[in-house]
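> Let me give you the structure first, and then I'll get to my questions.
Number of protein chains: 2
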Amino acid sequence: MSGHFSFTLAATDGKARTGRIDTPRGEIRTPAFMPVGTAATVKAMLPESVRATGADILLGNTYHLMLRPTAERIDRLGGLHRFMNWDRPILTDSGGFQVMSLTDLRKLTEEGVRFKSHIDGSEHWLTPERSMEIQRLLGSDIVMCFDECPALPADRDRIEASMRLSMRWAQRSRDAFGDRPGHALFGIQQGGLDGDLRAESAEALQAIGFDGYAVGGLAVGEGQEAMFRVLDTAPDMLPADKPRYLMGVGKPDDIVGAVARGIDMMDCVLPSRSGRTGQAFTRRGTVNIKNARHQDDPRPLDEACACPACRNYSRAYLHHVFRAGEILSSMLLTWHNLHYYQELMQQMRVAIADHQFEEFQAQFDAERAQGDVSPL
Amino acid sequence: MSGHFSFTLAATDGKARTGRIDTPRGEIRTPAFMPVGTAATVKAMLPESVRATGADILLGNTYHLMLRPTAERIDRLGGLHRFMNWDRPILTDSGGFQVMSLTDLRKLTEEGVRFKSHIDGSEHWLTPERSMEIQRLLGSDIVMCFDECPALPADRDRIEASMRLSMRWAQRSRDAFGDRPGHALFGIQQGGLDGDLRAESAEALQAIGFDGYAVGGLAVGEGQEAMFRVLDTAPDMLPADKPRYLMGVGKPDDIVGAVARGIDMMDCVLPSRSGRTGQAFTRRGTVNIKNARHQDDPRPLDEACACPACRNYSRAYLHHVFRAGEILSSMLLTWHNLHYYQELMQQMRVAIADHQFEEFQAQFDAERAQGDVSPL
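The listed protein sequences derive, respectively, from chains C and R. Residues in the first sequence are numbered consecutively from 1, following this note's numbering. Residues in the second sequence are numbered consecutively from 377, following this note's numbering.
Structure below.
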């Protein structure tokens, strides 16, 4: 591969932005939603089907992959792209977030985190240096700094100490990453819900210098209102000429609200996880396919949706395969949800380019307010 | 739909036969393997993917569908084809075999079988007349007679009494089926491992007259040797100008042996069920993908196979997703197994047409004798 990592802003509308990230593995249209391929697979989807939904980039999880099948094994097999049959860009997280959530199984020091595997109890270390090494072995296109992320609510001292540790780790991540043309390293802003800490973090990151900047430490229990309050100012603290990535978000209305506030990239397990539990996201809100009201309904989930679940099957069928515990239920609903998310991103990209983002938001809200179709 | 059900024999080689069944919903090339779509889905497969493996026809299970979502509901929704998005032929079993296997939950009389649902314990009746009604509501293209099928070993009196009951039910099935152009009714030969009873059953069925004839009561624990002994004579007792269907068979070598003995159609859950438990069928025998020897193996399951699992993934990856409990493991291995089965059928059809079936069998045996690839 040749080529470099670059971000080009094409248009803004209010704070909302659209553009493109170019990488040696292909273009990422922004705002971008990244489906999550935790264990080297977007659950219940072939990668060509994920691509068919419109996804330009996937997210892989360092924590899961380092434990199984291990980064060294993936490296020997030619890297994560070849391993999982996805030749377009991959962003990997640093492992930090998932390790921190192993509350009873980890020990945090200045050096890094010692933890026990949830799979077999074996002991492992993650440090900024080791996280950079793992993400290099995986062949990640967009590498995330190793950081600490406290669950909210937490008191200010805890948030401040954690943010400053993350900034020291950001410097160590930058040093360990080195110079890798065509690969990007993103810093992660922390600071919880505190504007001053967010500003301090943003300044520290820019002093180090990154190819992109994430807003971290949100979607950890604070609720949408608090998250949006942070997003009213946090993205503006980050450089306008670099992509801004909101980690782990979210529901469709979270995503629209984040884009409205200047976010360019997002990821979340929600569309795939919800697909497996029978929740479908549609223009008209969430549909719970296991509800008995669907059992005789010949209509598609959404008559305006072009995904295979909506083109080829009735609600009655989707209800049936969910109730029968069939794998096809997870396959079809995951496909639908990922399709819906990507279509939402595409509509936002067009609306921003056309300077119609407010109109888009009004229609988004109006369709959701209608609610799901009437009972038969 | 217009058109009629017909069977055309194109070539024979020894006892092996190749030809085609024409139905208003399309052609079925014989010998044919029918993937099983128990609950209105071939597990872990989109129907278009099942078709892509080369399947011309699916099997649906009356027992499962009558309980959930019910035949009446499927009928209201436009029939099984539309319900499950498969517009080609569907064969449905009669429910008899599965009801009989509910040993503790059913009561058998001359009239039929009363049984309790494995899902919710609710009570149901199956009779020849009700089975015909259900299969009509489903919209089945090839309908099977309602029969009784004792597990083997069983004593001769039990087999004889059961076979004669099945023949009385065959007449009732024929009467209840009526005249339905474009739809076929198949009789089912019983008689266990006893040649005289098989002959009596074949004669009774022909006296009634059916569009095709199944060899029933095998693959119920008797072993391949005993099954082949029956198949050395049973198919010859059935009319040469009608399709002969061996129910519930089997492993690849069972299938080749059955075709060699004059069988035209088969069905089995084995390729899909094995796919979900990590067993892959290949030219060189069965590969257990969960075995640790695959964990670093960059080679495909079978370098000569054109299925997506073999084209796009290493054994190491298939091992990983199986171990990680990922749905994709079931998807890929099921696809591979169904592809392998359909390729086997296609090779047999060509070999029979070319009068090379013995050579085909010799190569089939030789490749299997080689065993799986050498360890790395």
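All C-beta atoms, glycine included, are put in the ideal place defined by N, C-alpha and C.
For the alpha helix (DSSP H) holding R:Asn667, just list the boundary residues, first then last.
Per DSSP, R:Asn667 belongs to no alpha helix (DSSP H) and is neither H nor E.
> Rank C:Thr109, C:Pro69, C:Arg88 and C:Ala161 by C-alpha distance to the C-alpha of C:Asp120 and give the top, closest one.
C:Pro69
> Straight-line CA distance for R:Ile584 to R:Ser577?
11 Å
> Any idea what DSSP makes of R:Thr356, helix, strand or coil?
Only positions 377 to 752 of chain R appear in the structure, and residue 356 of chain R is not among them; the question remains open.
> Between C:Asp302 and C:Thr286, what straight-line distance do the alpha-carbon atoms span, to the nearest angstrom?
11 Å
> 8 Å is my cut-off, CB to CB: does R:Thr417 come that close to chain C?
Residue contact check for R:Thr417 against chain C: a CB pair falls below 8 Å.
> Any beta carbon of chain R sitting closer than 8 Å to that of C:Ala52?
With 8 Å as the cut-off, C:Ala52 does not count as an interface residue toward chain R.
> Can you check whether the CB of R:Arg744 is closer than 8 Å to the CB of R:Arg669?
Contact flag unset, no.
> Return the residues of the region 122-149 of chain C that lie within a Cβ-Cβ distance of less than 8 Å from chain R, sorted by chain order.
none
> Flag C:Phe83 as yes if its beta-carbon sits less than 8 Å from any beta-carbon of chain R, otherwise no.
yes
> Among R:Trp545, R:Arg540, R:Arg464 and R:Leu541, which residue has its Cα nearest to the Cα of R:Gly515?
R:Arg464
> Going along chain R, which residues have a C-beta under 7 Å from C:Gln356?
Correct list: empty, because the minimum Cβ distance to chain R is about 36 Å.
> Helix, strand or coil for R:Ala552, going by three-state DSSP, please let me know.
Judged by DSSP in its simplified three-state form, R:Ala552 adopts helix.
> Excluding the five sequence neighbours on either side, which residues of its own chain have a C-beta within less than 7 Å of the C-beta of R:Ala685, listed in chain order?
Leu677, Leu694, Leu708, Leu709, Trp711 and His712
> With DSSP as the reference, identify every bridge partner of C:Ser6, one or two as the case may be.
C:Asp22
> By DSSP, does R:Ile639 sit in helix, in strand, or in coil?
coil
> Could you tell me the boundaries of the beta strand (DSSP E) in which R:Trp711 lies?
Run containing R:Trp711: none in the beta strand (DSSP E); it sits in the alpha helix (DSSP H), Ile703 to Ala729.
> Interface residues of chain R around C:Arg68 at Cβ under 9 Å?
His696, Arg699 and Ala700
> Would you verify that the beta carbon of R:Ile639 is, or is not, closer than 8 Å to some beta carbon of chain C?
no
> Can you have a look at C:Gln342 and say buried or exposed, based on whether 16 or more other CB atoms are within 10 angstroms of its CB?
Counting C-beta atoms within 10 angstroms of its own C-beta, C:Gln342 has 16 or more neighbours from the protein chains shown and is therefore classed as buried.
> Distance, Cα to Cα, R:Arg458 vs C:Ser314?
9 Å
> By a C-beta neighbour count over all protein chains shown, 10 Å radius and 16 as the cutoff for buried, is C:Arg244 buried or exposed?
Buried, by the Cβ-count rule.
> Does the beta-carbon of R:Thr384 have 16 or more other beta-carbons within 10 angstroms, so that it is buried, or is it exposed?
R:Thr384 comes out exposed.
> Would you mind telling me which residues of chain C sit closer than 9 Å to R:Arg449, beta carbon to beta carbon, in chain order?
Neighbours of R:Arg449 on chain C, chain order: Gln295, Asp296, Ala316 and His320.
> Does the CB of C:Ala44 have a neighbour CB from chain R at under 8 Å?
Chain R, which has a Cβ nearer than 8 Å to the Cβ of C:Ala44, makes this yes.
> For the region 216-226 of chain C against the region 247-254 of chain C, do three or more pairs of beta-carbon atoms, one drawn from each stretch, fall closer than 8 Å, so that the two count as touching?
yes
> What is the residue span of the alpha helix (DSSP H) that C:His320 lies within?
Looking at the DSSP string, the run of the alpha helix (DSSP H) that includes C:His320 is Arg315 to Arg323.
> Rounding to the nearest angstrom, what Cα-Cα distance links C:Ala161 and C:Lys15 in this structure?
31 Å
> By the 9 Å beta-carbon criterion, what residues does the region 639-666 of chain R contribute toward chain C?
Arg652
> Would you list the one or two residues that DSSP bridges to R:Gln655?
R:Asn664
> Starting from R:Arg452, find everything on chain C with Cβ-Cβ shorter than 7 Å and list it in chain order.
Asp296
> Quick check: what's the CA-CA separation for R:Ala753 versus R:Ala729?
Nothing can be reported for residue 753 of chain R: it is not among the residues displayed for chain R, which extend from 377 to 752.
> Would you report the Cα separation of R:Leu541 and R:Val426, rounded to the nearest angstrom?
When only Cα atoms are considered, R:Leu541 and R:Val426 end up about 36 Å apart.
> Based on the DSSP output, what are the partners of R:Asp389 in its beta bridges?
R:Ala392
> Does chain R have any CB closer than 8 Å to the CB of C:Met163?
no
> Between C:Gly95, C:Ser101, C:Glu129 and C:Met100, which has its C-alpha nearest C:Glu111's C-alpha?
In terms of CA proximity to C:Glu111, C:Glu129 leads the group C:Gly95, C:Ser101, C:Glu129 and C:Met100.
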